[in-house]
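Participant: Pasting a structure below so you can have a look.
In this note's numbering, the protein residues as written are 28 to 363.
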């Protein structure tokens, strides 16, 4: 048995549909109930862009089979078109309609789906997925999310939804509807407001092409994946031409310059703490990596709101979810 207990994610509280004014235009805010999800599915069906919550972060969704709709994702985010997208599907049976699944993929899917795990798999020749989703590759990154709202939207839409994080490319990922509205505004059609995301960092990405390889640390600890497989994961490499989402060296960046592994804040810096330290903001005073992961992007958004020009970050243990946190922080601190 792998040493991983699947977290229980809180259900989103029902909200009333409302209009959110942004940049002198109206952004449709939808409730996470049946009526709201049907409205969101209808927007997707006509080629629109809808942001929706998952257990990891909010995604910016479009019909993965529609070239024009997928192109709108890249345009709204300012995302480079060589950076592939993750496709969200309702269940393992739906994944098999679009990808070839080997024994390794099925083993991981059985253990961790639905959940914060993305698998990179061979794309079926007749899958009908837009080449913009795969950035022209013959592989597809797929995930079955473990979230009531995301699952309801996938069921209502009845097809594959391409959905990177709903933020401007390279900036901090959103863990609330307010983050999405502030970052993308009226450049998209609607947001399904399902409350705050519980995991708070993106999914772990594993390639199942050949020997299983870690392409991005994320919401499922690497130790749990390796225990499930009974073997270590090959460590993937950052590349200028990504083979999966989340591999660009500079990503998840706040406005301020970031300094890592800081014992204290230097003059002019704001300290983002971890553990019992004196800090302006703290990921987890108790040193809890699960709490720290859930708070990471919200704290980075708050540092932006504070106008922090220089940010120091306390050391984070590089184990469990700490690997995902450190991965995001290293990319946030990379030259840009």
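Note that the Cβ used here is the ideal one computed from N, Cα and C, for glycine as well.
1. Count the other CB atoms, across all protein chains shown, that sit within 10 Å of the CB of residue 229; report buried if there are 16 or more and exposed otherwise.
2. Considering only the beta carbon of each residue, do residue 14 and residue 211 sit closer than 9 Å?
3. Pick helix, strand or coil for residue 85, following the three-state DSSP scheme.
4. Quick test of your reading: residue 190 and residue 113, contact by CB under 8 Å. State the CB separation rounded to the nearest angstrom.
5. Do residue 248 and residue 348 have their C-beta atoms within less than 9 Å of each other?
6. Taking the alpha-carbon of residue 215 as reference, which of 74, 360, 226, 65 has the nearest alpha-carbon?
7. Give every residue of the same chain whose Cβ lies closer than 7 Å to the Cβ of residue 108, excluding the five residues on either side of it in the sequence, and list them in chain order.
8. Which class does residue 188 belong to by DSSP, given the choice of helix, strand or coil?
9. Give me the Cα-Cα distance between residue 308 and residue 164, rounded to the nearest whole angstrom.
10. Would you say residue 64 lies against chain C (beta-carbon separation less than 9 Å)?
11. For a quick check, are the C-beta atoms of residue 292 and residue 184 less than 9 Å apart?
12. Residue 94: buried (16+ other C-beta within 10 angstroms of its C-beta) or exposed?
13. Apply the 10 Å Cβ neighbour rule to residue 208 and answer buried if 16 or more other Cβ atoms are within range, or exposed otherwise.
14. Below 8 Å, how does it come out for the region 172-182 and the region 326-336: are there three or more Cβ pairs, yes or no?
15. Start and end of the alpha helix (DSSP H) containing residue 122?
16. Just tell me which of 244, 296, 125 has its CA closest to the CA of residue 345.
17. Assuming residue 88 and residue 97 form a contact by the criterion Cβ under 8 Å, report the distance between their Cβ atoms to the nearest whole angstrom.
18. Give the straight-line distance between the Cα atoms of residue 255 and residue 143, rounded to the nearest whole angstrom.
19. Report buried or exposed for residue 68, applying the criterion of at least 16 other Cβ atoms within 10 angstroms of its Cβ.
20. What is the residue span of the alpha helix (DSSP H) that residue 63 lies within?
21. Using a Cβ-Cβ cut-off of 7 Å (strictly less than) and excluding sequence neighbours within five positions of residue 279, which residues of its own chain qualify?
22. Comparing C-alpha positions only, which one of 353, 321, 54, 299 sits nearest to residue 70?
23. Tell me whether the beta-carbon of residue 339 lies closer than 9 Å to the beta-carbon of residue 296.
24. So, helix, strand or coil for residue 381, using DSSP?
25. What are the boundary residues of the alpha helix (DSSP H) that residue 135 is part of?
26. How far does the alpha helix (DSSP H) with residue 161 in it reach, from first residue to last?
27. Between 281, 352, 294, which lies nearest to residue 311 when the distance is taken from Cα to Cα?
28. What are the start and end residues of the alpha helix (DSSP H) that includes residue 356?
29. What residues match up with residue 198 in a beta bridge as DSSP calls it?
Facilitator: Straight from the coordinates:
1. buried
2. Because the chain in this structure spans residues 28 to 363, residue 14 falls outside the shown range and cannot be described.
3. strand
4. 6 Å
5. yes
6. 74
7. 101, 159, 162
8. strand
9. 41 Å
10. Structure shown: chain C not included; a single protein chain is present.
11. no
12. exposed
13. buried
14. no
15. 119-125
16. 244
17. Not quite, the Cβ-Cβ distance comes to about 10 Å (not below 8 Å), so this is no contact.
18. 15 Å
19. buried
20. 61-72
21. 199, 200, 355, 358, 359
22. 54
23. yes
24. Within the shown structure, residues of the chain are numbered from 28 to 363, placing residue 381 beyond reach of any answer.
25. 130-139
26. 158-161
27. 352
28. 348-360
29. 280
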